[in-house]
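Residue numbers (this note's numbering): 8 to 920. Backbone N, C-alpha and C fix where the C-beta goes; we use that ideal spot for every residue, glycine too. What follows is a short report on a single structure.
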């Protein structure tokens with residue numbers, strides 16, 4: 008049993024007495040680690056057991072307490088000697104000057120530390136602290152891509168906020184197991200029960216409440232958060248008031264019944280409700296209950312096992328809910344225990360999807376048992392002034408050794424890992440290898456970008472036996488030439504040899520930029536320095552985009568929002584020393600057609616005697632609707648335009664190529680056709696803006712003796728001219744980005760906010776007190792878009808299920824159809840605690856009673872307004888919103904789609920062009 012003297016400080020007995028040193032950006036050899044790292048870094052010479060490893064991320068809305076919670080984790084694990092403070096700028100994770108100045112997390116930071124739960128071995132935790140601001144969504148996306156689990160932090164006062172829902176969906180897209188920590192329960196207005204209800208209502212999952220807060224009244228009659236009740240272990244963690252959280256009294260239910268009898272009744276009720284919830288997902292727990300005949304007799308280990316199994320599915324159907332107050336140092340150690348108990352180790356994750364082949368159409372599933380060769384994903388690149396480019400990687404198979412020769416399958420180039428590092432925020436330690444399932448940093452890679460796949464390209468690796476990957480072809484297999492032929496048109500399970508040179512992990516999705524600004528170099532001599540700095544910046548942050556205005560010749564920097572561009576410009580001028588000025592924020596408008604184009608054929612004759620004839624036709628799309636575009640492997644997407652390529656049945660080798668391989672020739676023809684279409688779609692016929700929401704169908708006609716042989720240059724030119732002529736045949740219109748905005752304001756300001764949105768800003772109110780409206784409140788065009796999205800999702804699910812089924816891994820299939828995901832919970836069946844709602848004190852918990860007594864969070868003064876607004880009206884909206892709400896209003900937004908600009912808004916739009 009843990010005692011107050013050993014609960015958190017078990018490792019501190021080994022600490023060196025030397026004084027602490029400030030963090031410094033240097034690489035240190037293992038022989039002289041800093042005092043903050045020496046006893047707690049994982050020994051790099053030996054591979055840490057995967058079963059005792061956790062790769063987790065901290066995700067939440069801005070100002071929910073992510074960094075504050077992370078700092079406590081580092082302190083209680085013994086990694087740091089003092090608790091960092093966000094307001095003082097003394098945190099370990101927020102090490103950038105801009106982060107400390109603004110008090111927010113801008114870039115994700117990785118750190119590794121050790122934690123030993125009670126009665127378990129020491130575990131290695133690789134943690135990534137992610138930003139909460141909507142402008143840095145890509146930082147969250149690329150971090151989630153490589154994580155095995157996530158801790159979602161909720162503000163106990165604000166509840167489930169808009170950005171929380173967004174990052175929750177991002178994690179759900181990758182089926183990341185998640186647990187929830189309800190933070191800030193020490194603040195006035197905190198309501199644990201209301202937050203649990205919002206978890207069920209907004210995140211559409213069953214909240215599995217495993218802790219309850221303990222409040223005590225002080226001399227002034229105010230409720231103070233003193234600890235938490237562990238309803239599974241039937242224990243009470245009581246913290247010293249005003250302490251650093253290191254001294255914990257571990258008490259039993261006898262003490263709880265004596266001092267808080269109502270809380271004891273609720274804890275018993277909560278345990279029974281948890282057993283009932285888990286019984287509907289775990290047959291073994293039902294059998295154990297039938298055998299024992301009483302909820303109270305079920306062992307804690309059985310409940311934890313069932314809860315862990317439900318959480319590891321990654322669907323978010325069952326959500327463990329913990330509570331505390333990180334700033335008051337309450338509840339963080341049990342949260343770290345829950346990370347070990349309920350989140351997966353790397354080997355417990357489903358098989359990793361990969362693809363290979365020239366066009367990436369052959370897909371496979373890779374498990375840890377299959378892995379005989381190194382395969383890693385680069386998910387982040389940071390340029391350090393002393394170390395150079397630092398590439399963060401997650402190793403999915405094999406072991407990455409120091410000085411290894413790597414092959415970048417995305418860029419088809421060879422790289423060399425000069426050094427390997429393990430990161431501790433901005434400190435780094437040299438390590439000899441990065442084992443399977445771990446995260447580390449490579450120095451010396453010159454070309455690798457975010458999302459690239461790296462494999463071992465050493466002679467020993469090439470000679471090694473290929474991994475036995477299970478592969479399902481994307482196309483129907485013809486009748487095989489064997490004695491017992493399969494029926495024609497039937498998919499035949501077969502093993503396709505792996506082409507390691509083209510093996511790729513699933514890439515990281517990059518959202519399209521919606522804001523842009525002009526950059527002006529101070530002089531012609533400073534332009535080269537600016538270009539070099541921009542290249543470094545784009546390699547670090549692929550969500551940024553650089554282009555050149557064809558009319559003015561200005562350099563345009565595009566990003567996700569105003570703050571994103573402001574931070575990027577500060578980094579250009581201050582860190583990368585580029586001498587340039589930033590212009591005003593502009594909007595990335597697009598151009599589209601008003602009707603479909605006629606079919607046009609064009610033949611291009613080249614001076615070398617080669618030629619090509621391409622037939623083109625352009626259809627209109629509705630925000631990515633592919634109904635007018637055939638579902639073929641030759642579809643490519645360019646700026647939300649779908650380009651469908653149709654090739655002749657029999658393709659002869661290109662005249663300009665010495666390679667007579669038909670497969671190689673087809674790949675070159677596809678690339679040439681796509682290149683020509685992309686060039687034509689980059690500049691509209693009327694407003695000279697990039698084209699948007701078009702479906703381009705290109706058909707390459709067979710060559711004849713009269714036209715001459717084919718060549719890549721002729722094909723590209725013919726495709727470009729054919730598409731350009733189609734664009735010029737029909738009128739075009741400007742389309743502008745439209746944002747889905749969630750505004751949070753108080754009840755008194757609600758009328759002003761809604762009037763401002765609907766009036767001056769030309770927006771539309773979709774719902775009140777909801778960030779995800781019911782389909783009935785959506786407009787007709789929104790319902791149509793939603794239907795198209797669901798159809799595309801279900802088609803994807805069917806393709807994926809077939810691949811898993813043929814590979815014999817259907818038990819690992821993680822995806823769900825739209826109908827399965829949209830099963831709404833009946834809130835009357837959700838157990839909701841009343842304890843922790845400080846407005847009510849201790850009361851009677853339950854289902855209907857709790858909801859009836861508490862009502863909605865809107866009664867507490869906060870209202871949520873869901874609206875649609877043009878992006879032009881969102882620029883500077885925060886300043887106007889704070890003026891309307893007395894400084895208390897906030898909002899978040901995300902790109903919803905693109906709409907045509909009406910005539911009454913043309914003057915406003917021209918101001919941003």
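Near residue 543, which residues of its chain fall below 7 Å by C-beta distance, leaving aside the five closest residues on each side in sequence? Closer than 7 Å at Cβ, skipping near neighbours: 390, 583.
Counted within 10 angstroms of its Cβ, other Cβ atoms place residue 218 as buried (16 or more) or exposed: Result: buried.
Taking the continuous alpha helix (DSSP H) assigned at residue 933, which residues delimit it? Shown here, the chain extends from 8 to 920; a query on residue 933 therefore has no answer.
Using only alpha-carbon positions, find the residue among 191, 221, 277, 63 that is nearest to residue 131. It is 63.
From residue 243 to residue 81, what distance separates their C-alpha atoms? The alpha-carbon atoms of residue 243 and residue 81 are separated by roughly 23 Å.
Output yes or no for whether 9 Å exceeds the beta carbon distance between residue 463 and residue 413. Contact annotation: residue 463 and residue 413 have beta-carbon atoms nearer than 9 Å.
Count the other C-beta atoms from every protein chain shown that fall within 10 angstroms of the C-beta of residue 250, then say buried if there are 16 or more, exposed otherwise. It counts as exposed.
On a CA-only basis, which of 238, 286, 248 is nearest residue 263? Give me that one, please. The residue with the shortest Cα to Cα distance from residue 263 is 238.
What's the call for residue 734, buried or exposed, on a 16-neighbour Cβ count within 10 Å? It is buried - the Cβ of residue 734 has at least 16 other Cβ atoms within 10 Å.
Could you give the distance in angstroms between the alpha-carbon of residue 193 and the alpha-carbon of residue 914? A direct Cα-to-Cα measurement between residue 193 and residue 914 gives close to 51 Å.
Is the Cβ-Cβ distance between residue 102 and residue 433 less than 9 Å? Result yes, Cβ atoms of residue 102 and residue 433 sit closer than 9 Å.
Would you give the residue range spanned by the beta strand (DSSP E) that residue 743 belongs to? For residue 743, the enclosing beta strand (DSSP E) covers residues 739 to 753.
Unbroken stretches of the beta strand (DSSP E), 3 residues or longer, contained in the stretch 570 to 620: If we require 3 residues or more, the beta strand (DSSP E) runs fully inside the stretch 570 to 620 come out as 587 to 594, 597 to 600, 607 to 612.
Please confirm whether residue 252 and residue 336 have their CB atoms less than 9 Å apart. It is a contact, given that the beta carbons lie within the stated cut-off.
Hey, residue 895 and residue 741: beta-carbon distance below 9 Å or not? Their beta carbons are not under 9 Å apart, which means residue 895 does not touch residue 741 by this criterion.
Which of the three DSSP states, helix, strand or coil, is assigned to residue 838? In the structure shown, residue 838 sits in coil (DSSP, three-state: anything other than H, G, I, E or B).
Relative to the C-alpha of residue 906, which candidate in 180, 870, 628 has its C-alpha closest? Closest option to residue 906, Cα to Cα, is 628.
Could you name the residues of the same chain whose beta carbon sits closer than 7 Å to that of residue 529, not counting the 5 residues immediately before and after it, in chain order? Once the five neighbours on either side are set aside, the close Cβ partners of residue 529 are 586, 587.
What is the residue span of the alpha helix (DSSP H) that residue 398 lies within? In the DSSP assignment, residue 398 falls outside any alpha helix (DSSP H) and lies within the beta strand (DSSP E) extending over 395 to 404.
Helix or strand or just coil, what does DSSP make of residue 910? Helix at residue 910.
Tell me whether the beta-carbon of residue 760 lies closer than 9 Å to the beta-carbon of residue 625. Their beta carbons are not under 9 Å apart, which means residue 760 does not touch residue 625 by this criterion.
Which stretch, first to last residue, makes up the beta strand (DSSP E) that contains residue 256? Unbroken beta strand (DSSP E) run through residue 256: 255 to 259.
Separation of residue 550 from residue 832, as counted between CA atoms: For residue 832 and residue 550, the distance between alpha carbons rounds to 36 Å.
Okay, do the stretch 287 to 301 and the stretch 149 to 164 touch, 3+ Cβ pairs below 8 Å being the bar? The stretch 287 to 301 is not in contact with the stretch 149 to 164.
Exposed unless 16 or more other CB atoms sit within 10 angstroms - verdict on residue 531: Flag for residue 531 reads exposed.
Would residue 871 and residue 745 be called neighbours here (beta carbons separated by less than 9 Å)? For residue 871 and residue 745, no; Cβs fall outside 9 Å.
Specify the secondary structure class of residue 550 as computed by DSSP and reduced to three states. Coil.
Which residue's Cα is closest to the Cα of residue 899: 524, 91, 715, 888? Selected option, being the one with the closest Cα: 888.
What residues are listed by DSSP as bridge partners for residue 890? BP columns for residue 890 are empty, so no partner.
CB-CB under 6 Å to residue 96, same chain, minus the five flanking residues each way: which ones, in chain order? For residue 96, where only same-chain residues beyond five positions count, the Cβ hits under 6 Å are 107.
Does the separation of the CB atoms of residue 747 and residue 575 fall below 9 Å? Between residue 747 and residue 575, the CB-CB gap reaches or exceeds 9 Å.
Would you tell me roughly how many angstroms separate the C-alpha atoms of residue 526 and residue 568, rounded to the nearest one? One Cα belongs to residue 526, the other to residue 568, and the distance between them is close to 16 Å.
When the distance is taken between beta carbons, is residue 384 closer than 9 Å to residue 460? Residue 460 places its beta carbon less than 9 Å from that of residue 384.
So, with DSSP's three-state summary, where would you put residue 100? Reduced to three states, the DSSP call for residue 100 is coil.
What did DSSP end up calling residue 466 once you bin it into helix, strand or coil? The answer is helix: DSSP assigns residue 466 an H, G or I state.
Cut-off 8 Å between Cβ atoms - residues of its own chain near residue 901, not counting five sequence neighbours on either side: Excluding sequence positions up to five before and after residue 901, its CB lies within less than 8 Å of the CB of 141, 144, 173, 746, 747, all in the same chain and listed in chain order.
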